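The sequence shown lines up with residues -24 to -1, 1 to 744 when you count with mature numbering (1 follows the signal peptide of the UniProt record, and there is no 0).
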Amino acid sequence: MKLQTPSLLYLVCITSLLFILSESTQPPFSCDASDPATKSYPFCETTLPITQRVRDLVSRRTLGEKISQLVNSAPAIPRLGIPDYQWWSEALHGLAVSRGMRFNGTIRSATSFPQVILTAASFDVHLWYRIAQASLAVGIEGRAIYNVGQAMWLTFWAPNINIFRDPRWGRGQETPGEDPLVTGKYAVSYVRGIQGDSFEGGKLGENLQASACWKHFTAYDLDNWKGVTRYVFNANIYQPPFQSCIEEGKASGVMCAYNRVNGVPNCADYNLLSKTARGQWGFNGYITADCDAVATIYEQQGYVKVPEDAAADVRKAGMDVDCGSYLLKYTKLAVEKRKLSLSEIDRALYNLFSIRMRLGLFNGNPVKQPFGNSGLDQICSQEHQNLALEAARNGIVLLKNAKKTPSAFENQNNFPCSNGPQCRFRTNTSWKLCRPSLQNYYTIERLQSYVKDTRFHQGCSAVNCSSAFTDQAMNVATGADRIVLVMGLDQTQEREKLDRVDLVLPPKQQNLISAIARAAKNPIILVLLSGGPVDISFAKNDPHIGSILWAGYPGEAGGRALAEIIFGDHNPGGRLPVTWYPQSYTNIPMTDMRMRPEPSSGYPGRTYRFYQGLKVFEFSYGLSYSNYTYEFLPVKRNKVYLHIQVSSHVVGNSNPPGFIPVSKIGTEVCDKIKHQVTVRVENNGEMAGKHSLLLFVRPANMSNMRPVKQLVAFQSVNLKAGERAEIELQLRPCEHLSLANEDGTMVIEEGSYFLSIGDKEIEIQAVK
């Protein structure tokens, strides 16, 4: 699809950005060494254990002061030298404008990376870590803005690791996609990076660079669909929480979701918050409610009869801080009516101030503490901007390339790029972009760097194309040798509080694409911007559309990344992290949470693991300018036997013959049962490229209970033209071959399975 530099290029686009500015202050902190009124307090003594310091701090509070700290906008306590603190800040793909963020001081911008769904398309765990890593991007920019006094927080309410179960979900763009393994790997990489841990983990210690709070716990993947809102939705199926984010990533924050699970509000569910997260997984941090989720328990869900019961129930369940004002209003009343004890309030304060102390906010001036060297030179640094470009390059997915070559457009004399309403990219939050990167942000400016005479036409007045300028666009298009259309969705179509009803493009936008494609001298390039899947079957099958690129919402460097791919300076290697369904999938209610298909009723299932219907593009689909081939390296036997040693008492009458309960195998044995697979991959193309190897497993004998296939490992590799590499991938039978039986017990079915990469397969067997 590479374009030889023509003399004329034409492009159309519109967008808007929202910036919120406020006054700058000095960095807020407690225990100033120069303040004799506070430096003598034991909670300011850094040689004492944090547990002892926090207990001292909590013991000095009055009831009113304690209650005041149970909300996200925690006020100052001047008599103890404690400044105000804002728990709520956003950092899904860079630092967003938020309540505690100011861009009107020395720092006026921050690096904006691609929206998460596009970053996930790289299938590169090291890239995910580097974006969040303390020494590279989100974590250090957040600490730097705090250090210069333009932020009153170091707690980020990210990542969003809910499974992208339904393609219409407006917030699916914030997630790593529909696969549990990818989501778990992304969560661990992000949390380790932002909190200051190593990539491998285990080196975090007591100090936090910043605090990551993963969300939303749990079964939250519906916002507002046909009048059913997240506030009242009751998920009747329990979605497995992401314990790897706690056990491996060591996340220091958790957000409980609005919705109910099996009738119980998440934020009032003791089994979920205290028994599972804290008890089973060893969570050591704070738990926040989503904003106004506590109020929702009484006002929308009617789960309790009076407001103070909501305040009591969430605290007794294990929630610590309310994003809202309900705990501020009703906690005292709950105490007076003996529905809530003072010790339960103290436990919340202990969790909250332990995090603030781990962040170093009670150790004196933060610029003199660990991570205090983060400053101006690390905001919008060239290194961070290069990383934003790398993320956009490696996430963009080539969906169609009819000529199957990067040199499809050669020897053109002029090149109008006619674009719809999506030339300047938007995301679902407010970012103030690095000013040097604005030239990378806009598609037209980047294309002009290749073609000086580049022209632009708006095409539509907005994404919904309510006013399409078809005649004007056609007049320009008919005189062009080549046309690029940048179309798709934006936050008027999909966002928080807004789920989609359709999976197709707005009708007039689709009509404009088809009309220009038919009138063009040569097959056109279609660039599609969206967070969720879109049924573009019309474009996929249109011979007048030669190439299709999906660019998600690509962040500040998206324009440059697209131009490099279009002109063949970068070899695309992104893969779709979600299934792209046909429009007919909208017949399935979003409220139906079943994952497995039900053939008798025509229910097709959800996600690539269970869905058995037609697809526009399948999960992990993505083309390249290179052709990659795979080969499983030989093993000693044609079949690989996974010997699972189980005592004779393990398999009881409660399990059918041939099924092995994972719990009876034991954690120690499961950790030892691993199977290494070595794959040789070769780049047979003419360009160097970055390629992701995805290893799937499927059972030899299918049933409705088992996934059609399941991703068990993935790794990205850089290969020069003609280069080959041998990559080791690992199968863990207890994790990858197990499934839940009817009573919820995880079991492994004995028999044959197939491991596959691309069109290559190898058989393995699970035997006792």
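Yeah, the Cβ is synthetic: ideal placement off N, Cα and C, and Gly gets one too.
From a predicted model like this one, the values you see are computed outputs, not experimental measurements.
Contact belief for I372 with L538 at Cβ below 8 angstroms, rounded distance in angstroms
In the sequence shown, the residue the question calls residue 372 occupies position 396. In the sequence shown, the residue the question calls residue 538 occupies position 562. Right, their Cβ atoms sit about 7 angstroms apart.
Backbone secondary structure at G698 - three-state DSSP:
As a position in the sequence shown, residue 698 is number 722, starting the count at 1. G698: coil per DSSP, three-state reduction.
What did DSSP end up calling E711 once you bin it into helix, strand or coil?
Taking the first residue of the sequence shown as 1, we reach residue 711 at position 735. Three-state result, E711: helix.
Does the beta-carbon distance from V10 to G57 come in below 8 angstroms?
Residue 10 sits at position 34 when you count from the first residue of the sequence shown. Residue 57 sits at position 81 when you count from the first residue of the sequence shown. It is worth fixing the name first, because residue 10 is Ser in this sequence and not Val. The answer is no: Cβ separation not under 8 angstroms.
Run the CB neighbour count on E540, radius 10 Å, all protein chains shown included, and call it buried at 16 or more, exposed below.
Taking the first residue of the sequence shown as 1, we reach residue 540 at position 564. The residue is buried, with at least 16 neighbouring Cβ atoms inside 10 Å.
I need the DSSP call for I355, collapsed to helix, strand or coil.
As a working mapping, residue 355 is identified with position 379 in the sequence shown. Reduced to three states, the DSSP call for I355 is coil.
Kindly indicate the opening and closing residues of the alpha helix (DSSP H) around M463.
Taking the sequence shown and counting its residues from 1, the one referred to as residue 463 is at position 487. No alpha helix (DSSP H) contains M463, which is instead part of the beta strand (DSSP E) from 460 to 464.
DSSP on K666, reduced to helix/strand/coil?
Here residue 666 refers to the residue found at position 690 of the sequence shown. It is a strand residue.
Straight-line CA distance for D155 to I107?
Against the sequence shown, residue 155 aligns to sequence position 179. Against the sequence shown, residue 107 aligns to sequence position 131. Their Cα atoms are separated by approximately 21 angstroms.
Sort out for me which residues DSSP pairs I703 with in a bridge.
One-based indexing of the sequence shown puts residue 703 at position 727. BP columns for I703 point to V655.
Can you find at least 3 beta carbon pairs, one from the segment 319 to 335 and one from the segment 293 to 302, that sit closer than 8 angstroms?
yes
What are the boundary residues of the beta strand (DSSP E) that A742 is part of?
Counting from one through the sequence shown, the residue named residue 742 turns up at place 766. That run of the beta strand (DSSP E) goes 736 to 743.
Starting from the N-terminal side, write out each stretch of the beta strand (DSSP E) that is 3 residues or longer and does not extend beyond the segment 40 to 72.
none
Return yes when the C-beta of L502 is under 7 angstroms from any heavy atom of the ligand MN, and no when it is not.
As far as ligands go, the structure on display features none, and thus does not contain the ligand MN.
Count the other C-beta atoms from every protein chain shown that fall within 10 angstroms of the C-beta of G531, then say buried if there are 16 or more, exposed otherwise.
Residue numbering aside, residue 531 sits at position 555 when the sequence shown is read from its first letter. So G531 ends up on the buried side.
Straight-line gap, I724 to F132 (C-alpha atoms, nearest Å)
Walking along the sequence shown from the start, residue 724 turns up at place 748. Walking along the sequence shown from the start, residue 132 turns up at place 156. Using only the alpha carbons, I get a separation of about 38 angstroms.
Neighbour-count burial assignment, G40, 16 or more Cβ in a 10 Å radius:
Against the sequence shown, residue 40 aligns to sequence position 64. So G40 counts as exposed.
So, for A515: in the same chain, excluding its five sequence neighbours on each side, which residues have a beta-carbon less than 7 angstroms away from its beta-carbon?
The count along the sequence shown starts at 1 and reaches residue 515 at position 539. These residues qualify, in order along the chain: I489, L502, I521, I524.
Do G508 and P135 have their C-beta atoms closer together than 8 angstroms?
Sequence index remark: in the sequence shown, residue 508 carries index 532 (1-based). Sequence index remark: in the sequence shown, residue 135 carries index 159 (1-based). Result no, Cβ atoms of G508 and P135 do not sit closer than 8 angstroms.
May I have the straight-line CA-CA distance separating K484 from G181, to the nearest angstrom?
What you label residue 484 is simply residue 508 of the sequence shown in a count that begins at 1. What you label residue 181 is simply residue 205 of the sequence shown in a count that begins at 1. Using only the alpha carbons, I get a separation of about 56 angstroms.
Those residues which DSSP pairs with T131 across a bridge
Sequence index remark: in the sequence shown, residue 131 carries index 155 (1-based). T131 pairs with S187.
When the Cα atoms are used, what is the spatial distance from G727 to Q219?
By 1-based counting over the sequence shown, the position of residue 727 is 751. By 1-based counting over the sequence shown, the position of residue 219 is 243. If I take the Cα positions, the gap works out to 29 angstroms.
Leaving aside the five residues before and after N660 along the sequence, list all residues of the same chain whose C-beta is less than 8 angstroms from its C-beta, in chain order.
Within the sequence shown, the letter at position 684 stands for residue 660. Result list for N660: S602, N603, Y604, T605, G698, in chain order.
Kindly indicate which residue of S174, I641, N260, K305 has the alpha-carbon position closest to the one of D268.
Residue 268 sits at position 292 when you count from the first residue of the sequence shown. Of S174, I641, N260, K305, the residue nearest in Cα terms is K305.
Please name the residue, chosen from V655, V611, F586, that lies closest to M571 on a Cα-to-Cα basis.
Taking the sequence shown and counting its residues from 1, one reaches residue 571 at position 595. It is F586 whose Cα lies nearest to the Cα of M571.
I need the straight-line Cα distance from Y426 to A533, nearest angstrom please.
Translated into positions along the sequence shown, residue 426 becomes position 450. Translated into positions along the sequence shown, residue 533 becomes position 557. Answer to the nearest angstrom: the Cα atoms are 16 angstroms apart.
Taking N487 as part of the alpha helix (DSSP H), name the residues at either end of that continuous run.
For the purposes of this step, residue 487 is taken as residue 511 along the sequence shown, with counting starting at 1. Start and end: 483 to 495.
Hey, would you say G549 sits closer than 8 angstroms to S600, going by beta carbons?
For the purposes of this step, residue 549 is taken as residue 573 along the sequence shown, with counting starting at 1. For the purposes of this step, residue 600 is taken as residue 624 along the sequence shown, with counting starting at 1. Against a cut-off of 8 angstroms, the Cβ pair of S600 and G549 comes out as a contact.
I'd like the span of the alpha helix (DSSP H) that includes V30, first residue to last.
Residue mapping note: residue 30 aligns to position 54 of the sequence shown, counting from 1. Looking at the DSSP string, the run of the alpha helix (DSSP H) that includes V30 is 26 to 35.
I'd like to know if C267 contacts chain B, where contact means its C-beta is closer than 8 angstroms to some C-beta of that chain.
Of the chains in the structure shown, none is chain B; there is only one protein chain.
Pick out whichever of I170, V684, R37 has its Cα sitting closest to the Cα of V55.
Translated into the one-based positions of the sequence shown, residue 55 becomes position 79. In the sequence as presented, Val is not what sits at residue 55; that position holds Arg. With distances taken between Cα atoms, R55 lies closest to R37.
Beta-carbon contacts of K379 that lie in its chain and below 7 angstroms, excluding the five residues immediately before and after:
What you label residue 379 is simply residue 403 of the sequence shown in a count that begins at 1. Correct list, in chain order: G522.
For S88, count neighbouring C-beta atoms within 10 Å of its own C-beta (all shown protein chains included) and say buried if the count is 16 or more, exposed if not.
As a first step, residue 88 must be located in the sequence shown, where it is residue number 112. Buried is the call here.
Relative to the C-alpha of C232, which residue among E223, S596, A244 is closest?
Residue mapping note: residue 232 aligns to position 256 of the sequence shown, counting from 1. Of the listed residues, the one whose Cα sits closest to C232 is A244.
Taking Cβ to Cβ, would you say M554 is nearer than 8 angstroms to G153?
In the sequence shown, counting from the first residue as 1, residue 554 sits at position 578. In the sequence shown, counting from the first residue as 1, residue 153 sits at position 177. The identity of residue 554 in the sequence shown is Val, whereas the question assumes Met. Yes, they are a contact pair.
What are the boundary residues of the beta strand (DSSP E) that M231 is part of?
Sequence index remark: in the sequence shown, residue 231 carries index 255 (1-based). 229 to 232 is the span of the beta strand (DSSP E), which, as asked, contains M231.
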